[in-house]
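First the structure, in the form of structure tokens, and then the observations on it.
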Amino acid sequence: MSDVIVIGAGVVGAACAYYAARAGLDVTVVDRGPVAGGTTGAGEGNVLVSDKEPGPELDLALLSNRLWGELAAMGGFEYEPKGGLVVAETDEVQKQLVELAAEQGVEYAVVPGADLRGYEPHLAEGLAGGVYYPQDAQVQPMLAAAHLLRHGAESYGHGTLHLRTGVTVTGFTRSGERVTGVRTDRGDILGGAVINAAGTWGGEIARLAGVDLPVLPRRGFILVTEPLREPLIRHKVYTAAYVTNVASDSADLETSAVVEGTPAGTVLIGASRERVGFDRTTSPRVLARLAAQAVALFPVLREVRVIRSYCGFRPYCPDHLPVIGPDPRAPGLYHACGHEGAGIGLAPATGLVLSQLLTGARPELDPRPFRPDRFSSGTPVEPSPESSRATEESA
Amino acid sequence: MSAPDDRVSAACDLVVVGGGPAGVAGALTAALRGLNVVLVDSGARLGGQYFRHQAGAAHTATPGLDRFLRQGRALGERAEVLLGHQVWTVTRDGDRLTVHCQTPDGRPVAIRCRDLLIATGAHDRPLPFPGWDLPGVLTAGGAQALLKGNGVVAGGRVVVGGTGPFLLPVAAGLAGAGAEVLGVFEANGGLALARHPVLALGKAGEAAGYGLAMARHRVPYRTHQAVIAAHGERELEAVTVARLDGDWNVLATREVACDTLAVGYGFVPQIELGVELGCQTRPDADGMPVLAVDGRQRTTVDGVWAAGEPTGVGGRHLAELEGRIAGLAVAGAPVPGVLARRRRRMRAFGEALHHAYPVKPGWQSWLRDDTLVCRCEEVPVARVRAALALGATDARSVKLLARPGMGWCQGRVCGYAVACLAGERPRPPRRPIAQPISLGALADLDTH
Amino acid sequence: MTFQITIDGRAVPVEPGQTIGAALHAAGVRAWRTTRFGGRPRGLFCGIGVCFDCLITVNGRPPERACLLEARPGDEVTTS
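Here the protein sequences come in this chain order: U, R and H. For the first sequence, position 325 matches number 325 in my numbering, and the numbering has no gaps at all. For the second sequence, position 444 matches number 839 in my numbering, and the numbering has no gaps at all. For the third sequence, position 39 matches number 882 in my numbering, and the numbering has no gaps at all.
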């Protein structure tokens, strides 16, 4: 019997478990796979404030940004506060970027076209300008998740945080309406509360509890280059189209260049978005598009070789906001999923706010925009996509 | 998404990937039946690993090479042979496949076809041990390739180690070319040299030839022994040879001064093109994933065929036979029962060899914390074990947490070892980009 | 006819058809790059294009596999 059962050992589940343990709760984390085997293992590790419009998600991102800095001090994973550079191809787009930056209320610097190469020496010629966001950062998400779980387990009393991998949740135990634990292929596990941190598969977990949660997979491919001896790219660099694509509702393919170096020496190239279910078939068309956009931004990359690609499935909700908080339709069940492409960045704030809700403390920010029953006002729920285990890898 | 594609450079009935015995036999057989065939190989000459040979030189003692070269010439007259072409992906739309290659100077070439024959062979399966990344340590196949393809003897004082019958031709070749071969260390008991299983297949000539060569050059053949460490500052200076028990735990050790080590513990079939296309795999007798094929070499995916080592390691005779069967089947011709029976017999023999030369778990006791598992990303054993302690439960999650297999070779070298360390059978490799391709070449495919 | 390539300016003889890796190995040059983390020397290992240990810089181009790359007269190899 635990105080809290967390379903999902990705970065969001790990953060929920960590903050719950820190708040003095006993936690059991279950995952049908290993640690960080789902979307966490297919991400780039973005901790971004730059790509978010003013509103509740940006508030969550700013809180998370601060928390990641604190968590990284515990050690065990890479955290690079390297800053993000959003570039504009035209003056018109540059004007929009600067207006957005002014509304966001985050740290930023307007970069005129002539100064872009001071930030990124290898950027293409002829760009109109950009905005630099010093708070944008990157973490190694798999190690971050694993170490959050370890710190949670080791720092707050032995046995406080218990990780069980290879355990598949098959249902919930109930007492009347109330959720009292999970049924698994390894037996029932009882708990005072259950947190659904199953990411892209959060909708399936919700359905096991008899509630609708419209979390859908939004596929993304990433190209990884050969390791370079000298870093070519210093920041996370992306084009303005990325911001509009993130916010778009289209099911069709959308791509925008997102290019960044990693401590391992590789360059990661994203980002594509498609709603195609859990289809992992590699699409050379998408890969070619990503490559074309990357070399347009950084012509020096033409000679650099791609050595692999991988894909993942962002947990997408129709309003692009995550689902965080208690589910009034199933008392005892909490959700922490649906972060789309921002789960790495938003994980600590999600975990902290949930732990505060669980312990009755005043939450650090207003969780109401993220409430789980906000979709029930007739938002159509698409049919269940076929269940699929993550089998891809990451950077 | 089936718009006719101006990026397609050629169209044909059958593309064969791989110019070794399986690929050449398959391509030639199909071409003789009237199919329009393109064979693609990454090497500068046909041959694959077994029939690797020097340009214009006919002095090599590789058995069967003359016949293979005749087949190659016949193929050249009837089919298009694209050498130096690396296949980086194969895509499908409708009932057509497109094989995407890259030329040596980085140009993309796309060939459209109805059928694809995967004859991509296999590469050495190394096991990590302390010092195995020192220059002078080569795979057995690497030493063989130097000799056959380049006329270069890998070293002066050479140790050969590992397991399996392949060590014999490697040692015999090196000794015959003038190297001092200090010993062949076979980690298994195997069978006495004179009763070597190659004999059982009626290949007495080959095995006896290797045995004679080794005897002539006084090369010791030691069973239940292995090289468990390599030593040297900047390159190899000595190895530790150990006497092993049946599980490959160390009983006693001694040092042998040498400048070169050729080492191999079996083979890894190259199946990634089939895996990406969705072909079903099965574990071979040694647990390695191979493409599942029926009696006509057909995989579980329409239009995709496989022959030779990708369907299970069995050597060049079986590879050629499977190539011929595949060539007939693709052309719609019946497969004579005699071929099918020979194939069954040789396949059973290949499996028997796997059972005679297994990898035993004791090799993990040779490792030290700082022994590199992944040579590309320089991941030591300690970091793999730390990943397991952090909640990685399989090779894939070890890779995510500790990076073995993330580098240049994409886990081809360390994949087997990482799977063993993670306590699982090696899984089919996912390599959507099967060969590195420049971003420029990839970008040029964009039609947007 | 035997020809020459250079490694860091030093001449290495090559038989026609040999790869750069084979020619260097035959000349006793067994390592031509170091790894990016540990600075470990690297040369030929698998010899057939699989392991990428033998990556080499020739005529200033991006690194290629020395075991696959056929040598041409006058090729200039630089170690890294």
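A virtual CB, placed ideally from N, CA and C, is assigned to each residue, including glycine.
Around the C-beta of residue i, are 16 or more other C-beta atoms found within 10 angstroms, so that it is buried, or is it exposed?
i: Ser175 of chain U; result: exposed
i: Asn196 of chain U; result: buried
i: Leu834 of chain R; result: buried
i: Ala610 of chain R; result: exposed
i: Val11 of chain U; result: buried
i: Pro523 of chain R; result: buried
i: His356 of chain R; result: The structure shown does not extend to residue 356 of chain R, since chain R is modelled only from 396 through 843, so no value can be given for it.
i: Thr225 of chain U; result: buried
i: Pro824 of chain R; result: buried
i: Pro756 of chain R; result: exposed
i: Thr493 of chain R; result: buried
i: Gly489 of chain R; result: exposed
i: Glu120 of chain U; result: buried
i: Arg314 of chain U; result: buried
i: Glu70 of chain U; result: exposed
i: Thr648 of chain R; result: exposed
i: Gly378 of chain U; result: Any reading at Gly378 of chain U is ruled out, since the residue's pLDDT is 45, under 50, leaving its predicted position unreliable.
List the residues of chain H whose Cβ lies closer than 7 Å to the Cβ of residue i, in chain order.
i: Leu533 of chain R; result: Leu887, Phe888 and Gly890
i: Gly265 of chain U; result: Arg879
i: Glu303 of chain U; result: Pro905
Just verifying my parser: in three-state terms, what is the DSSP assignment at residue i?
i: Ile324 of chain U; result: strand
i: Val47 of chain U; result: strand
i: Ala390 of chain U; result: For Ala390 of chain U, the pLDDT reaches just 38, beneath the cut-off of 50, and the residue's location in the model is therefore unreliable, although a value from the coordinates is still provided. Looking at Ala390 of chain U - three-state DSSP - the assignment turns out to be coil, as it is neither helix nor strand.
i: His626 of chain R; result: strand
i: Leu143 of chain U; result: helix
i: Gly722 of chain R; result: helix
i: Asp461 of chain R; result: helix
i: Arg638 of chain R; result: strand
i: Glu715 of chain R; result: helix
i: Ala812 of chain R; result: helix
i: Arg908 of chain H; result: strand
i: Ile189 of chain U; result: strand
i: Ala838 of chain R; result: helix
Taking Cβ-Cβ distances shorter than 9 Å, what residues in chain R pair up with residue i?
i: Thr165 of chain U; result: Gly786, Ala787, Thr788 and Ser792
Check the DSSP bridge columns for residue i and list the partner residues they point to.
i: Glu475 of chain R; result: R:Val433
i: Cys769 of chain R; result: R:Val774
i: Ala517 of chain R; result: R:Pro664
i: Trp700 of chain R; result: R:Leu512 and R:Arg693
i: Thr165 of chain U; result: U:Asp31
i: Ala797 of chain R; result: According to DSSP, which records beta bridges pairwise, Ala797 of chain R is partnered with nothing at all.
i: Cys311 of chain U; result: U:Phe221
i: Ile848 of chain H; result: H:Val855
i: His495 of chain R; result: R:Thr484 and R:Ala505
i: Lys236 of chain U; result: U:Gly84
i: Glu575 of chain R; result: R:Arg552
i: Ser833 of chain R; result: U:Arg305
i: Leu686 of chain R; result: R:Thr676
If the cut is a Cβ gap below 9 Å, which residues of chain H does residue i touch?
i: Glu773 of chain R; result: Thr878, Arg879, Phe880, Gly881 and Arg883
Quick test of your reading: residue i and residue j, contact by CB under 8 Å. State the CB separation rounded to the nearest angstrom.
i: Pro475 of chain U; j: Gly786 of chain R; result: Any answer about residue 475 of chain U is impossible in this case: the structure gives chain U only from 1 up to 395.
i: Val554 of chain R; j: Val565 of chain R; result: Val554 of chain R to Val565 of chain R, Cβ: 11 Å. No contact.
i: Thr239 of chain U; j: Glu44 of chain U; result: At roughly 16 Å, the Cβ-Cβ gap does not stay under 8 Å, so Thr239 of chain U and Glu44 of chain U are not in contact.
i: Tyr752 of chain R; j: Gly536 of chain R; result: Not quite, the Cβ-Cβ distance comes to about 15 Å (not below 8 Å), so this is no contact.
i: Val776 of chain R; j: Asp789 of chain R; result: That pair is no contact at about 17 Å.
What residues from chain H crowd round residue i, counting only those whose CB sits closer than 8 Å?
i: Arg737 of chain R; result: The premise fails here: Arg737 of chain R is roughly 28 Å from chain H at the closest Cβ pair, so nothing lies under 8 Å.
i: Pro227 of chain U; result: Arg879
Since residue i meets chain U, which of its residues come closer than 8 Å, beta carbon to beta carbon?
i: Glu671 of chain R; result: Thr282
i: His518 of chain R; result: Within chain U, no residue comes near His518 of chain R; the closest Cβ sits about 17 Å away, beyond 8 Å.
List the residues of chain R that residue i touches, going by C-beta distances under 7 Å, in chain order.
i: Arg873 of chain H; result: Pro530, Gly531 and Glu630
i: Asp896 of chain H; result: Arg770
i: Ile307 of chain U; result: Trp803, Gln805, Ile828 and Pro831
i: Glu858 of chain H; result: Gly546
i: Leu143 of chain U; result: Leu796
Going along chain R, which residues have a C-beta under 8 Å from residue i?
i: Thr862 of chain H; result: Gly544 and Asn545
i: Ala854 of chain H; result: Under the 8 Å cutoff, chain R gives no residues; its nearest Cβ is about 17 Å from Ala854 of chain H.
In chain U, what lies closer than 7 Å to residue i by C-beta?
i: Leu837 of chain R; result: Leu287, Ala288, Ala291 and Val306
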